[in-house]
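K.L.:
The structure under discussion is supplied below as structure tokens; questions concerning it will follow.
In this note's numbering, the protein residues as written are 93 to 366.
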């Protein structure tokens with residue numbers, strides 16, 4: 093936990109276990125001014141507080157641009173909870189915690205990226221970027237959020253401290269036989285993997301990068317493909333695939349179910365719209 097290098101074996105498992113069992117508690121960990129504003133999802137108030145922080149850095153002889161950069165860096169360096177998540181991680185979590193305020197929290201994300209210029213490559217304790225979390229499929233899959241991070245410059249093939257890319261994360265849908273048996277009765281989980289895989293490959297994701305133990309995501313995905321027809325995309329390196337990120341292009345999805353892209357709309361009114 094004190095180091096920054098890539099882990100493997102028992103060290104990998106130890107940190108992974110810690111991150112799985114320790115979570116952010118909003119009432120306990122989001123108690124500072126920014127934490128409260130992120131929870132509320134009010135972009136106007138967030139902007140006002142940021143401007144006040146810019147003024148605090150604007151000392152005699154200081155350029156306005158330099159003061160604004162310092163305020164953005166302050167936000168970039170903020171970390172919350174036992175797994176030290178970033179401000180973008182907080183907003184991603186709140187799109188699920190408070191789905192009715194999803195639009196407001198996404199507006200905060202856009203403002204942080206476009207106006208405040210807060211970098212999107214910050215990492216949590218596991219060394220994972222928010223882009224990777226957005227397409228990990230567990231506990232959520234949010235293509236809209238991932239798109240915002242990608243356009244802002246977050247590297248799609250970044251590896252965390254386990255050596256995992258985002259592909260390793262969404263390919264590791266079941267860590268035990270019991271979980272796998274549960275997955276068999278939950279086709280939606282496999283659909284999410286297919287959606288995440290399609291988006292990852294379309295955006296130049298590399299499924300041949302190896303993790304800390306030398307295992308590429310392709311190996312894990314091939315294993316999933318042998319058990320489920322949902323993972324119907326070809327895993328061959330030179331395969332020709334559709335360039336559309338449409339759920340319908342991967343599998344028949346119930347048209348009245350919430351769209352898996354994370355928009356909050358029904359599939360028939362979103363990715364499944366004729």
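Cβ coordinates follow ideal geometry from the N, Cα and C atoms, glycine included.
Tell me residue 308's beta-bridge partners as DSSP assigns them.
P.N.:
302
K.L.:
Report the residue from 295, 226 and 289 whose alpha carbon sits nearest the alpha carbon of residue 314.
P.N.:
289
K.L.:
Under a three-way DSSP split, which group does residue 172 fall into?
P.N.:
Three-state result, residue 172: strand.
K.L.:
Give me the Cα-Cα distance between residue 300 and residue 232, rounded to the nearest whole angstrom.
P.N.:
24 angstroms
K.L.:
According to DSSP, which residues form a beta bridge with residue 177?
P.N.:
172
K.L.:
Taking the continuous alpha helix (DSSP H) assigned at residue 232, which residues delimit it?
P.N.:
Careful: residue 232 lies outside any alpha helix (DSSP H) and carries neither H nor E.
K.L.:
Report the rounded CA-to-CA distance for residue 335 versus residue 297, giving the unit in angstroms.
P.N.:
For residue 335, the pLDDT reaches just 37, beneath the cut-off of 50, and the residue's location in the model is therefore unreliable, although a value from the coordinates is still provided. Near 13 angstroms, if we compare the C-alpha coordinates of residue 297 and residue 335.
K.L.:
With 16 other CB atoms within 10 Å as the buried threshold, where does residue 109 fall?
P.N.:
Burial call: exposed.
K.L.:
For residue 234, which residues in the same chain have their Cβ closer than 7 angstroms to its Cβ, ignoring the five residues on either side in sequence?
P.N.:
So the list reads 184, 187, 226 and 354, once near-sequence residues are dropped.
K.L.:
Under 8 angstroms by Cβ, that's how I've got residue 93 and residue 107 pegged, so tell me the actual separation to the nearest angstrom.
P.N.:
7 angstroms
K.L.:
If I follow the unbroken alpha helix (DSSP H) through residue 198, where does it start and stop?
P.N.:
194-206
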